[in-house]
Amino acid sequence: MSAPPTETPEKEQLKTYCKTTATYINKLDLTETMSREQMLGEGMTTQVSPYSYRVGSLALAMDHAAFCTNRRCCRGFCFSLKGILKHYADCYHLGCLECHRFNPVVFEHVLFCEDNRNCRIPGCLSIARATGRIMETASELLQVFVGFEGEKLGHG
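Going by UniProt numbering, the first residue of the sequence shown is number 1, and it counts up by one from there.
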């Protein structure tokens, strides 16, 4: 599990751009924020807090909401998470408070996602690439392959 995000000094600069999404985020009781820079700096930690349990359960519910097509789904928070995911995918504001509050849930998902390349969660692939979980280019893959072959042949 990841460490709980910290209160950022930039929080004063964050603004609400969508009141509907803000309502959904408040329903989920997501109060702490996490910037993209913090996501890139975080790694796997052994520290587990009640907040990380909450974020983990929301990440599982988010996985359901990303694939659910039932407009009247009665699973917990499915409707709210669908709205948040739509906002998260479409939002272009770097200072969006709701996106910063939802970042810990997406980051938790990225840590355990098994197929980042085909994932429906917005930002999963880009965060996985930025954190090094996925090789970004063919040249990086080739370097890894050549390095592996060199070790097999006794050159490395």
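Using N, Cα and C, we set each Cβ at its ideal position, and we do this for glycine too.
Fair warning: this is a prediction, and the values are worked out from it, not measured in the lab.
Near residue i, what residues of its chain come up, given a Cβ to Cβ distance below 8 Å and the 5 sequence neighbours on each side ignored?
{"i": "leucine 85", "result": "Met62, Ala65, Ala66, Ile121 and Pro122"}
For residue i and residue j, what's the separation of their Cα atoms in angstroms?
{"i": "tyrosine 24", "j": "isoleucine 134", "result": "31 Å"}
{"i": "arginine 36", "j": "arginine 72", "result": "33 Å"}
{"i": "methionine 39", "j": "alanine 89", "result": "17 Å"}
{"i": "arginine 54", "j": "glycine 132", "result": "26 Å"}
{"i": "leucine 94", "j": "alanine 22", "result": "16 Å"}
{"i": "tyrosine 92", "j": "glycine 83", "result": "16 Å"}
{"i": "phenylalanine 79", "j": "leucine 28", "result": "11 Å"}
{"i": "cysteine 68", "j": "glycine 56", "result": "19 Å"}
For residue i, which residues of its own chain have a beta-carbon under 6 Å away from its beta-carbon, when the five flanking residues on both sides are left out?
{"i": "cysteine 113", "result": "Cys119 and Cys124"}
{"i": "asparagine 116", "result": "Cys124, Leu125, Ala128 and Ile134"}
{"i": "leucine 111", "result": "none"}
{"i": "histidine 87", "result": "Cys18 and Thr21"}
{"i": "leucine 30", "result": "Arg101"}
I'd like to confirm the pairing. Which residues does DSSP put opposite residue i in its beta bridges?
{"i": "cysteine 96", "result": "Lys15"}
Under 7 Å Cβ to Cβ from residue i, same chain only, skipping five residues before and after it: list those, please.
{"i": "methionine 34", "result": "Pro5, His100, Asn103, Pro104 and Phe107"}
{"i": "asparagine 70", "result": "none"}
{"i": "leucine 81", "result": "Ala61, Met62 and Ala65"}
Where does residue i fall in DSSP's three states?
{"i": "threonine 21", "result": "helix"}
{"i": "methionine 62", "result": "helix"}
{"i": "glycine 41", "result": "helix"}
{"i": "cysteine 124", "result": "helix"}
{"i": "glutamate 114", "result": "coil"}
{"i": "leucine 85", "result": "helix"}
{"i": "arginine 75", "result": "coil"}
I want to check one thing, is the minimum distance from the CB of residue i to the heavy atoms of the ligand MG below 7 Å?
{"i": "glutamate 114", "result": "Absence of the ligand MG is noted for the structure shown, with no ligands found whatsoever."}
Three Cβ pairs or more, each shorter than 8 Å: is that satisfied between the stretch 90–107 and the stretch 14–30? yes
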